[in-house]
Amino acid sequence: METNPSELTREHGLDLLRRMLLIRRFEEKCAELYSAAKIRGFLHLCIGEEAVAVGALSLLAEDEAVVSTYREHGHALVRGVSAGAIMAEMYGKQEGCARGRGGSMHLFDARTRFIGGNAIVGAGLPLAVGLALADKMQSRSRASCCVFGEGAVAEGAFHESLNLAALWRLPVLFLCENNLYAMGTSIEYEQSVHNIAWKAEAYHVASASADGMDVLAVEAAARAALTHIRNGEGPYLLECRTYRFRGHSMFDAQEYRSKAEVEEWKKRDPIADLALHLKGAGIFTDADMEKVEREIAAEVQAAIDFAEAGTWEPVEDLTRFVYSEPAAA
Amino acid sequence: METNPSELTREHGLDLLRRMLLIRRFEEKCAELYSAAKIRGFLHLCIGEEAVAVGALSLLAEDEAVVSTYREHGHALVRGVSAGAIMAEMYGKQEGCARGRGGSMHLFDARTRFIGGNAIVGAGLPLAVGLALADKMQSRSRASCCVFGEGAVAEGAFHESLNLAALWRLPVLFLCENNLYAMGTSIEYEQSVHNIAWKAEAYHVASASADGMDVLAVEAAARAALTHIRNGEGPYLLECRTYRFRGHSMFDAQEYRSKAEVEEWKKRDPIADLALHLKGAGIFTDADMEKVEREIAAEVQAAIDFAEAGTWEPVEDLTRFVYSEPAAA
Amino acid sequence: MSERKLTYRDAAREALRDALQRDERVFLMGEDVAHYGGCFAVSRGLLAEFGPERVRDTPLSEVGFVGAGIGAALGGMRPIVEIMTVNFSLLALDQIMNTAASLLHMSGGQFHVPVVIRMATGGGKQLGAQHSHSLEGWYAHIPGIKVLVPATLEDARGMLWTALESPDPVLIFENQTLYNMEGTLPDDAGPVEITRARIQRPGRDLTIVTYSASLWKALTAADTLAAEGIEAEVIDLRTLRPLDDATIIESVARTHRALIVDEGWRSGGISAEISARIMEQAFYELERPVARVCTAEVPLPYAKHLEQAALPQPETIAAAARQLLSSNG
Amino acid sequence: MSERKLTYRDAAREALRDALQRDERVFLMGEDVAHYGGCFAVSRGLLAEFGPERVRDTPLSEVGFVGAGIGAALGGMRPIVEIMTVNFSLLALDQIMNTAASLLHMSGGQFHVPVVIRMATGGGKQLGAQHSHSLEGWYAHIPGIKVLVPATLEDARGMLWTALESPDPVLIFENQTLYNMEGTLPDDAGPVEITRARIQRPGRDLTIVTYSASLWKALTAADTLAAEGIEAEVIDLRTLRPLDDATIIESVARTHRALIVDEGWRSGGISAEISARIMEQAFYELERPVARVCTAEVPLPYAKHLEQAALPQPETIAAAARQLLSSNG
Ligand SMILES: Cc1ncc(C[n+]2csc(CCOP(=O)(O)OP(=O)(O)O)c2C)c(N)n1
Ligand SMILES: Cc1ncc(C[n+]2csc(CCOP(=O)(O)OP(=O)(O)O)c2C)c(N)n1
Ligand SMILES: [Mg+2]
Ligand SMILES: [Mg+2]
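Protein chains in written order, with the numbering used here: chain A, 35 to 363; chain B, 35 to 363; chain C, 18 to 346; chain D, 18 to 346.
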């Protein structure tokens, strides 16, 4: 853990831990519910990567927008999208955060400015640039954050977006979750340069790399990045080096990586590590952990109950929301 | 001039001069013929930039392919596409190097492996990557060259191509003509980083910048680049800093740049400079110049005569070449 | 109310100026819209009037700036994004279809995308296959967007503001050959409604359904036909998505014969959709099968005679109309 | 000749293996085709058999690797480029239309582009709006390419090699829902011709024209109808560009009623083109207007009941057929 333990209060440590654990337990349930065929389509879990979502996105102000990927349950939870609405979405219920039209890959929530679950790799980056442009033109100094994997860095959209954001000095946080694989393709086969943060220099975009398995390190790096951005100094790329413990999606036989590699990374579990760190600092006990686990179990169960109790949108409404309804105009 | 004069033979100096002058005089005629409505569509001249085409592309072997842009008359001439066939193409005659189907922006020639005149900015880069991939897979070590402007560097295609070429260590020469403007947009508004060669580092692609107004400097830099490529050391990006003396196309009012700036650059005319240099080295006289001018005038006139004498492809053939004709299969 | 003479280009510029004046949230961005004044001089002078924030040059980054336009729309602005030519828009099609057109539906009605995307389209200027296609009818396949095709000065002047009032993405296609067309507009010309086709010329013998630049060719053909005693009704569709079926069907129900004139390619073009709708809604009214005059299915060639042979012409339109009226039709 | 049981996926894999064995110039490239074994497990095992040069993982760079495929084709190879899903292919549409489809024509017949591009298409797996569209019919608008839509194991096995023999670009669309379909093939199954539609089920009362996954729905509907005494002829188009008009028209001339079933969106889909062609070529044979059953014009929603309601179904097909046969059709 990077931070000096004395700087970390019990309250803050507990908050980080609870947020990460909520993601973990929520997604573990998702996997079960997928096997039970309650959740369908593609399901991408971020288990192992929780420190990035929690360390970085917790720092955003309420009205700072996030544009995310298809691996976005964690991001949505951290941003305050209701767990029940997320679960209902994956059930395909109209109480879902996208009325069941989106599913796991397309969580949306206007209240928290969570602008999606986007499943075209790289396509979210220009959106964040545009959100930031709108802010700048309206003299707002808030940040817009775009999350993407290192695989997206190979897309032209990455290149065009960084150049635009730098040219126009826009308040964008480019948050890269470098988990070393794009689906089954290791970074070795997808990036000629593995140091993603360094690539930002080719655009004069400020950047840093953080240990994505250490929530405190992510938080410290993200805080610095957001200060830069909100001060009007332009965009910032933060690369977090992390690892997904599960397959790319629920269909993945994982033949492209060794079990040993996965086990090695699991030793760096961001949740277990933080718990250990807090204990070491004497501000956390096994009893605390049990309590948090209990509370989260209840929260996840409540989300499932909410989803189960949800209703199906009438088939007659199928063609709604292709165009805005008159009221919206 | 960069090179030690003693290294430059009269023969070689004359060859470079004549090639540059051919482009200049040929294009001056194109401008006239455009005003006379013999040439139509969009016409982009490279006057002022001749040193890049001549310095770099003369070094390619006969079977090394070039993928170019819409500003490609110079490239085509250097590669040995016949001036007559180029002119006839711009006249829209079937004797043209694309049977009149392409026009100024789409010169093509199978014999010299000139794979076009491409008018989608940036779209030629992946083609060159593929040509080089084909060579590599067939164990050929020749280079494939792609020419593009600095404006193309902003396109996603640039980014994706450099990454691919680097990952696969392909024999591609990325030749960037940095003339400081993309149409009417100065590099200041289109690139957050003006040093294009440096951007190559973000891909671990070898690179250099050359003075694009100095044909000897371009030649020296291109020679080094080609050695690297043909030795199997992977792709190379060569940035040539140059300037176009005329407008972007024949429609350009040039309100985006000052006359003074243009005049300043015209003082660095690559043809006049080379002539001066050769004279200084005592291997070139005014009489030589007159002779070259005469020969080139004749060559250009022959091209025009060829085009004038050309014929219109029958309208019945309109739908040919949408698909290959049986023989091609 | 007095009238004034102006060109289609002037009308389009006036529409932009009006929009920029009316609403602070409106801004124009695209390649060369500012310092160059627009590839077709449509936005000339607007930079001086509104400044570089609101008339914004972009790099060559179609994915980036179209995506940024979508993002800015999400961020509360009313962007007008200009793509120079429809061919280049293919680079941004992912953003247009997978994001702009889908976001409202995917988000269950939460995120509206009030972006307007303008582009030039059409052949006839000898610009070759990468600058001349007419894909507006093809775009009309995409649910979630609206497609406008102003043929008249009135619509070039009036459609933009109406489009900007839409909470959903609107694409406006301006045929390149129309920019120099002269006409008059009342001094107080302003917004027009965009849901109805317009009968440009009433007639009893057949219905010619067309749009954009082909409208004028159809009207020329109608004059020729009138001299022969054939009275063609000519419909300007104005909007290709959604199509105004009612106006078409009502006309065909009167004339019993329909000819569709479309500058798009025939197979799978909007001409096919119109034919199919007439089939479905007015089959029993038809005296003859619906006929089509479209562009030949070739990438448009440069040579003038070939290009003109590929495009619909007053002569081919008149001939098809005569055929529809002939006893052995 | 004996037969064996296999899936559509197996048949597609066998086609790839066969092609890789037959011709040294053939290679497969795309995202996750190698180490992962293909997003849909189609290429599983081929990396081990043919090595990483010929079964080549690419980064997430659709413009780059599709362009590289075109370039490699120009360089003498016979690339098979895989794009994971048709939605993602929009990123590469510029390369497909402006380069692959246009190069032969623009170059006046000099440069052939023998590239095969495969991709998954279609809805029904609850993958949401960015993974489920059916754009194959839309692609059929583009002159210069061929569009194949294998519905059967025989075609999944046989079309690829025939496509590879084409000197022009061929797109092959595999509906995602077909991969698990089981069937039999003769031991010596091999290449099939790709120019003719196939009457999958003869019938006298109406003609159902369809393709790809909808074929099986149409056949199910035909069984239902047969039980009611209605004999539907079912045509599998197999190739969407060029369309085999002769087979369609010959059938309609016998049955006098036609129903088109298309998983694409209705407006401007291939269904419209087929309807228009029947109008043009068999109008006087028609007892009833041609009818269409298409996918609802919505970005496909995630929720199963909504998605299924959006897609053509045996019930909706049968209902439309009954309507065509009813006295008040
Ligand atoms: C444009 C595009 N191409 C391909 C895909 C298929 N795909 C989905 S996720 C993925 C890997 C992305 O890797 P990365 O960006 O590193 O994110 P991660 O999944 O590792 O979080 C691929 C290839 C897609 N969704 N969009
Ligand atoms: C994809 C695409 N976008 C826009 C254009 C229009 N356009 C043609 S040339 C040009 C400027 C290109 O600048 P650069 O690459 O620097 O080349 P230069 O013309 O300076 O040689 C533009 C914007 C195009 N042809 N293709
Ligand atoms: Mg990754
Ligand atoms: Mg330039």
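Note that the Cβ used here is the ideal one computed from N, Cα and C, for glycine as well. The structure presented is a predicted model; accordingly, all values stated were derived computationally and were not measured.
| Query | Result |
| --- | --- |
| Hey, would you say residue 187/C sits closer than 8 Å to residue 133/C, going by beta carbons? | yes |
| Between which residues of its own chain and residue 291/C is the CB-CB distance below 6 Å, once the five residues before and five after are set aside? | 226 and 277 |
| Closer than 7 Å between beta carbons: that is the criterion. Which residues of the region 175-195 of chain D meet it against chain A? | none |
| Would you identify the three-state DSSP class for residue 219/D, choosing helix, strand or coil? | coil |
| Smallest Cα separation from residue 20/B: which of 143/B, 338/B and 279/B? | This structure does not reach residue 20/B, given that chain B is present from 35 up to 363, and the question cannot be answered. |
| In the structure shown, what three-state DSSP assignment does residue 99/B receive? | coil |
| Starting from residue 189/B, find everything on chain A with Cβ-Cβ shorter than 9 Å and list it in chain order. | 190, 193 and 194 |
| Considering only heavy atoms of ligand 3, list every residue whose Cβ is less than 6 Å from one of them, following chain order. | 183/A, 184/A, 185/A, 213/A, 215/A and 216/A |
| Are the Cβ atoms of residue 115/B and residue 92/B separated by less than 8 Å? | no |
| When the Cα of residue 262/D is compared with those of 341/D, 315/D, 36/D and 294/D, which residue comes out closest? | 294/D |
| Quick check on the burial criterion: 16 or more other C-beta atoms within 10 angstroms. Buried or exposed for residue 16/C? | An answer regarding residue 16/C cannot be provided, because it is not within the stretch 18 to 346 covered by chain C. |
| Does any CB atom of chain B fall closer than 8 Å to the CB of residue 208/D? | no |
| For residue 343/C and chain D, any beta-carbon pair shorter than 8 Å? | no |
| Mark residue 329/C as exposed unless 16 or more other C-beta atoms lie within 10 angstroms of its C-beta, in which case mark it buried. | buried |
| What three-state label does DSSP hand residue 282/C in the structure shown? | strand |
| Mind checking if residue 154/A is an interface residue toward chain D, Cβ cutoff 8 Å exclusive? | yes |
| Between the alpha carbons of residue 286/C and residue 175/D, how many angstroms are there, rounded? | 30 Å |
| State the start and end residues of the unbroken beta strand (DSSP E) segment that holds residue 47/C. | 43-47 |
| Using only the heavy atoms of ligand 2, determine whether one of them is closer than 7 Å to the beta carbon of residue 108/C. | yes |
| Report buried or exposed for residue 192/A, applying the criterion of at least 16 other Cβ atoms within 10 angstroms of its Cβ. | buried |
| With DSSP as the reference, label residue 297/A as helix, strand or coil. | helix |
| May I ask whether a heavy atom of ligand 2 can be found less than 7 Å away from the beta carbon of residue 276/B? | no |
| Please confirm whether residue 362/A has its beta-carbon closer than 8 Å to some beta-carbon of chain B. | Because the pLDDT of residue 362/A is 48, which lies under 50, any placement of that residue in the model is unreliable, and the number read from its coordinates should be weighed accordingly. So no, residue 362/A is outside the interface. |
| Have a look at 147/D, 165/D, 327/D and 145/D and flag the residue whose alpha-carbon is nearest the alpha-carbon of residue 154/D. | 165/D |
| At the level of alpha carbons, what is the spacing between residue 362/B and residue 301/C? | Note that residue 362/B has pLDDT 47, beneath the 50 cutoff, so the model's placement of it is unreliable and the number below is only indicative. Each residue's alpha carbon lies about 47 Å from the other. |
| Starting from residue 256/C and walking both ways along the alpha helix (DSSP H), at which residues does that stretch end? | Looking at the DSSP string, residue 256/C is not in any alpha helix (DSSP H); the run it does join, the beta strand (DSSP E), is 256-258. |
| Check whether chain C comes within 8 Å of residue 228/B, counting only Cβ atoms and requiring the distance to be less than that. | no |
| Round the Cβ separation of residue 161/A and residue 91/C to the nearest angstrom and send it over; I've been treating them as touching at under 8 Å. | 7 Å |
| Report the rounded CA-to-CA distance for residue 177/B versus residue 166/B, giving the unit in angstroms. | 7 Å |
| Would you say the beta carbon of residue 140/B comes nearer than 7 Å to a heavy atom of ligand 1? | no |
| I need the boundaries of the alpha helix (DSSP H) containing residue 169/B, first residue and last residue. | 158-171 |
| Alpha carbon to alpha carbon, how far is residue 125/D from residue 129/B? | 10 Å |
| According to DSSP, which residues form a beta bridge with residue 136/A? | Per DSSP, none; premise fails for residue 136/A. |
| Counting contacts by CB-CB distance shorter than 8 Å, is residue 356/B in contact with chain D? | yes |
| Just checking: is the beta-carbon of residue 94/C within a distance shorter than 8 Å of some beta-carbon in chain A? | yes |
| Going by the DSSP bridge assignment, what does residue 189/C pair with across the sheet? | 135/C and 165/C |
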